[in-house]
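For reference, the structure discussed in these notes is given below.
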Amino acid sequence: MVAEETYVPIDRDGDIVSARQKARELATHVGFSGSDLTLIATAISEVARNIVVYADHGEIVLSAVQRAGQRGILVIARDEGPGIPDIERAMRDGFSTGRSLGLGLPGARRLMDEFEIVSEVGKGTTITMRKWTR
Amino acid sequence: MPVPILKQGDKLIASLQSDLDDKDLMQLKDEIAEKVGRFKSRGVILDVSILDVLDSFATRTLRTIAETARLRGAETVIVGIQPDVAVAMVQLGLTLDGVLTALDFEEGMELLLATIEGSHHGGG
Amino acid sequence: MSNGPLLSDLERLQLNTHDIERRKAFVDFRPDDLSRIAAIKDLVVHNADRYGVTFFDHLAGIEEAAGLTRNRNLLEQAKRLKHEHLIAMVQGDYGREYMEQRVRLGVLYSRAGLDVRVFLGAFHVLMRAVGVDVMKRFAATPADGFESFISLKKIGFLDIGLIVDVLIAERERTINVQQDAIRELSTPVLQLRERLLILPIIGVIDSMRAKQLTDGMLGSIRDKRARIVVMDITGVAAVDSKVANHLIQAVAAARLMGANVIVTGVSADVAQSLVALGVDLRSIRTMNDLQGGLEEAERMLGYKVVYADGASPAFGRA
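Residue numbers (this note's numbering), protein chains in the order written: chain A, 4 to 137; chain B, 133 to 256; chain V, 43 to 360.
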């Protein structure tokens with residue numbers, strides 16, 4: 004059951020702040036704890052930033068979702084940018100070396116519960132993330 | 133929205149009042165660099181306790197602020213990173229390696245004093 | 043116990059139109075049940091007081107219901123709600139408002155600690171009283187009386203379904219709250235002296251516990267203004283790469299808040315496995331035993347000026 008969709012166009016860096024503020028609002032409404040709010044806002048900041056940096060322009064769609072009685076948030080970040088040539092490499096976790104990789108994708112995946120990425124060179128990228136309340 | 137930067141003796145104190153976008157952060161970086169040079173400051177305290185998100189860009193910028201200040205003779209202490217924000221940063225793989233951090237303004241001041249005096253005495 | 047907003051209770055029980063229809067389908071409620079209930083409407087309304095008394099008198103005799111029957115405030119509220127319920131039961135309108143009314147009563151029972159089995163028994167006693175009256179009224183046409191009573195019982199089962207769902211949901215919530223409390227108690231953060239905390243960790247570390255430990259430690263760093271945390275892992279069951287990662291993350295987060303973490307209780311074996319896992323031991327300060335860690339901590343806190351030989355400052359270098 005999906006309720007309420009919020010569209011946030013991402014064109015400039017100011018939109019990154021909007022996206023995470025709107026996400027925080029929606030996530031609060033869904034009932035997430037304080038620390039989860041921060042995790043969600045941070046993950047969105049990263050994917051929104053990727054859109055601004057690599058694709059110039061895209062959108063983030065936020066919605067409240069339910070599955071098996073649990074409430075959560077669904078985040079879809081899409082752009083029609085250059086796409087990611089080597090998704091596997093972009094998703095490789097450089098975690099234990101403490102080095103932060105350019106795209107922040109593995110990090111965003113760690114912050115959320117579910118993470119899917121579809122990308123095609125020349126077509127664009129769509130990232131779908133979900134987090135569930137406990 | 134510009135961040136107020138106060139001069140206190142040979143130290144600068146910058147306290148973020150609200151969430152900053154990229155442009156504001158860059159502006160803050162330039163202003164601190166300029167003021168450190170102009171006032172020959174020896175220390176900078178940057179209070180980020182208002183921030184509920186420190187993403188990769190913000191973290192990189194904080195590091196750059198500290199590095200630039202150091203090149204001009206000032207140590208920087210970042211204070212006020214909230215527990216949730218610290219957890220998110222770490223999970224994202226972001227570090228502030230090489231940058232001094234402290235819990236809050238008081239702790240930051242003590243650390244600055246210890247650091248500045250230390251370098252003064254030891255010539256390190 | 044539930045003091046949360048009723049709306050979220052309802053949402054959790056999924057009381058939208060679809061679910062209400064499903065609940066009616068479960069008890070096989072049909073349109074012609076409405077006229078059969080209407081036939082005994084005045085009987086039920088007329089005797090509502092007596093049925094309520096039957097219900098609560100029965101409960102008064104049950105020790106396990108003392109939480110409700112000996113609490114004057116809750117009992118008064120329950121009696122009032124019950125009366126409204128009985129009236130509403132025969133009005134023929136079983137939509138969202140009707141359901142909300144039942145949920146409210148369920149929440150009240152939960153607050154009074156009323157056991158599900160006890161509630162079911164009392165409900166049965168009440169329905170039996172109604173049934174006796176219905177059969178008396180329809181002595182001449184018992185088949186009709188029976189039909190009407192059966193239709194009413196369908197609504198009765200609808201009510202039971204709701205109230206039991208609420209009682210179960212509230213019980214689960216209590217269990218979760220208790221589990222959280224237990225977890226918190228089992229990982230105390232001790233303040234040894236000013237600026238110095240000790241965090242002894244015992245047992246198995248899964249991701250939920252790791253998160254709790256980290257949150258607890260960071261909260262204590264903030265509240266007690268600690269500069270050093272001695273995290274002792276002597277009692278940790280097994281240190282694999284996941285646990286190691288949790289530790290590293292906790293240490294890194296503490297550092298961002300200006301606190302240094304010394305991990306003690308790292309045996310030679312554990313140190314070896316950490317290295318084999320690719321963990322950079324320079325990123326965390328480790329010591330073999332707690333005593334050594336405490337001494338190191340005090341040494342660190344005692345430093346005021348430390349740049350002379352190039353050593354790092356007493357606290358805070360991230």
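All C-beta atoms in this analysis are idealised placements derived from N, C-alpha and C, irrespective of residue type, glycine included.
Distance between residue j and residue i (C-alpha atoms, nearest Å)
{"i": "ASP91 (chain V)", "j": "ASP265 (chain V)", "result": "56 Å"}
{"i": "ILE197 (chain B)", "j": "ILE164 (chain B)", "result": "7 Å"}
{"i": "LYS126 (chain A)", "j": "ARG113 (chain A)", "result": "26 Å"}
{"i": "ALA361 (chain V)", "j": "VAL308 (chain V)", "result": "Absent from the model: residue 361 (chain V). The displayed extent of chain V is 43 to 360, so no value can be given."}
{"i": "GLN119 (chain V)", "j": "GLN254 (chain V)", "result": "39 Å"}
{"i": "LYS124 (chain V)", "j": "VAL149 (chain V)", "result": "13 Å"}
{"i": "ASP14 (chain A)", "j": "ARG195 (chain B)", "result": "26 Å"}
{"i": "ASP153 (chain B)", "j": "VAL55 (chain A)", "result": "13 Å"}
{"i": "GLY352 (chain V)", "j": "LEU234 (chain V)", "result": "Any reading at GLY352 (chain V) must be qualified, since the residue scores a pLDDT of 41, below 50, and its modelled position is unreliable; no value is offered."}
{"i": "GLU195 (chain V)", "j": "TYR93 (chain V)", "result": "The sequence as given places Lys at residue 195 (chain V); Glu does not occur at that position. If I take the Cα positions, the gap works out to 15 Å."}
{"i": "LEU42 (chain A)", "j": "LEU148 (chain B)", "result": "21 Å"}
{"i": "GLN85 (chain V)", "j": "HIS60 (chain V)", "result": "As written in the sequence, residue 85 (chain V) is Leu, which differs from the Gln given in the question. Computed Cα separation, rounded: 32 Å."}
{"i": "GLY277 (chain V)", "j": "ALA67 (chain V)", "result": "55 Å"}
{"i": "MET259 (chain V)", "j": "VAL231 (chain V)", "result": "7 Å"}
{"i": "ASP18 (chain A)", "j": "VAL11 (chain A)", "result": "8 Å"}
{"i": "MET115 (chain A)", "j": "SER21 (chain A)", "result": "19 Å"}
{"i": "ARG192 (chain B)", "j": "ARG251 (chain V)", "result": "31 Å"}
{"i": "GLY173 (chain V)", "j": "HIS166 (chain V)", "result": "10 Å"}
{"i": "ASP156 (chain B)", "j": "ALA71 (chain A)", "result": "43 Å"}
{"i": "GLY141 (chain B)", "j": "LEU244 (chain B)", "result": "13 Å"}
{"i": "VAL206 (chain V)", "j": "PHE191 (chain V)", "result": "22 Å"}
{"i": "VAL285 (chain V)", "j": "ARG267 (chain V)", "result": "26 Å"}
Cβ shell of residue i (< 7 Å), same chain only, five flanking positions each side left out
{"i": "GLY187 (chain V)", "result": "VAL176, MET177, ARG179, PHE180"}
{"i": "ASP157 (chain V)", "result": "GLU106"}
{"i": "ALA339 (chain V)", "result": "LEU238, ILE270, VAL272, ILE304"}
{"i": "GLU49 (chain A)", "result": "GLY107, GLY110, ALA111"}
{"i": "LEU84 (chain B)", "result": "Residue 84 (chain B) lies beyond the stretch modelled for chain B, which goes from 133 to 256, so this question has no answer here."}
{"i": "GLY237 (chain B)", "result": "It is Phe, not Gly, that sits at residue 237 (chain B) in the sequence shown. Correct list, in chain order: ILE177, ASP179, VAL211."}
Extent of the continuous beta strand (DSSP E) run through residue i
{"i": "ILE182 (chain B)", "result": "Unbroken run through ILE182 (chain B): none, as it is neither H nor E."}
{"i": "THR208 (chain B)", "result": "207-211"}
{"i": "ASP274 (chain V)", "result": "270-278"}
{"i": "LEU232 (chain V)", "result": "232-235"}
{"i": "ARG327 (chain V)", "result": "327-329"}
{"i": "ALA67 (chain A)", "result": "61-70"}
{"i": "THR233 (chain B)", "result": "232-234"}
Integer-rounded CB distance, given that residue j should sit under 8 Å from residue i
{"i": "VAL231 (chain B)", "j": "ARG204 (chain B)", "result": "In fact, because the Cβ distance is near 15 Å, the residues do not count as touching under 8 Å."}
{"i": "THR233 (chain B)", "j": "VAL209 (chain B)", "result": "7 Å"}
{"i": "ILE240 (chain V)", "j": "MET299 (chain V)", "result": "Actually they do not touch by this definition, with Cβ atoms about 17 Å apart."}
{"i": "ILE145 (chain B)", "j": "ILE177 (chain B)", "result": "5 Å"}
Per DSSP, cross-strand counterpart(s) of residue i
{"i": "MET132 (chain A)", "result": "A:VAL78, A:PHE118"}
{"i": "LYS139 (chain B)", "result": "B:LEU144"}
{"i": "GLY245 (chain V)", "result": "V:VAL278"}
{"i": "VAL303 (chain V)", "result": "V:VAL271"}
{"i": "GLY240 (chain B)", "result": "None; GLY240 (chain B) has no bridge partner."}
{"i": "THR9 (chain A)", "result": "A:LEU65"}
{"i": "VAL176 (chain B)", "result": "B:LEU144, B:THR208"}
{"i": "GLY127 (chain A)", "result": "A:GLU123"}
{"i": "TYR128 (chain V)", "result": "Checking the displayed sequence, the identity of residue 128 (chain V) turns out to be Leu instead of Tyr. In DSSP, LEU128 (chain V) forms no bridge with anything."}
{"i": "GLN73 (chain A)", "result": "A:ARG70"}
{"i": "LEU238 (chain V)", "result": "V:ARG235, V:ILE270"}
Residues near residue i by beta carbon distance below 8 Å, same chain, minus five either side
{"i": "VAL33 (chain A)", "result": "ALA67, ARG74, GLY75, ILE76, THR136"}
{"i": "THR31 (chain A)", "result": "LEU40"}
{"i": "ILE90 (chain A)", "result": "ILE120, SER122"}
{"i": "ILE275 (chain V)", "result": "ILE243, VAL281, LEU289, VAL305, THR306, GLY307, VAL308, VAL312"}
{"i": "GLY86 (chain A)", "result": "SER122, GLU123, VAL124, GLY125, LYS126, GLY127, THR128"}
{"i": "GLY155 (chain V)", "result": "GLY109, LEU110"}
{"i": "LYS161 (chain B)", "result": "THR193, THR196, ILE197, THR200"}
Residue span of the alpha helix (DSSP H) that contains residue i, given as start and end
{"i": "GLU337 (chain V)", "result": "332-344"}
{"i": "ALA58 (chain A)", "result": "From DSSP, ALA58 (chain A) is part of no alpha helix (DSSP H); its letter is neither H nor E."}
{"i": "TYR93 (chain V)", "result": "83-102"}
{"i": "PHE287 (chain V)", "result": "In the sequence as presented, Phe is not what sits at residue 287 (chain V); that position holds Asn. First-last of the alpha helix (DSSP H) with ASN287 (chain V): 283-298."}
{"i": "PRO215 (chain B)", "result": "215-224"}
{"i": "THR196 (chain B)", "result": "188-203"}
{"i": "ASP41 (chain A)", "result": "Correcting the residue type first, residue 41 (chain A) is Thr in the shown sequence and not Asp. Residues 37-53."}
{"i": "GLN24 (chain A)", "result": "16-33"}
{"i": "PRO73 (chain V)", "result": "73-80"}
{"i": "ARG92 (chain A)", "result": "90-93"}
{"i": "THR59 (chain V)", "result": "59-68"}
Sequence-distant residues of its chain with Cβ nearer than 6 Å to residue i (five each side left out)
{"i": "THR100 (chain A)", "result": "With a pLDDT of only 39 at THR100 (chain A), under 50, the local geometry of the prediction cannot be trusted, and the value read off the model is given with reservation. Here the set comprises nothing."}
{"i": "HIS253 (chain B)", "result": "With a pLDDT of 47 at HIS253 (chain B), under the threshold of 50, the predicted position of this residue should be treated as unreliable, and no value is reported."}
{"i": "MET94 (chain A)", "result": "LEU108, PRO109"}
Beta carbon proximity, residue i to chain D, threshold 9 Å
{"i": "THR9 (chain A)", "result": "The question asks about chain D, but that chain is absent: this structure's protein chains are A, B and V."}
Proximity test, residue i beta-carbon vs the ligand ATP heavy atom, cut-off 8 Å
{"i": "PHE97 (chain V)", "result": "Looking at this structure, you won't find the ligand ATP or any other ligand, since it has none at all."}
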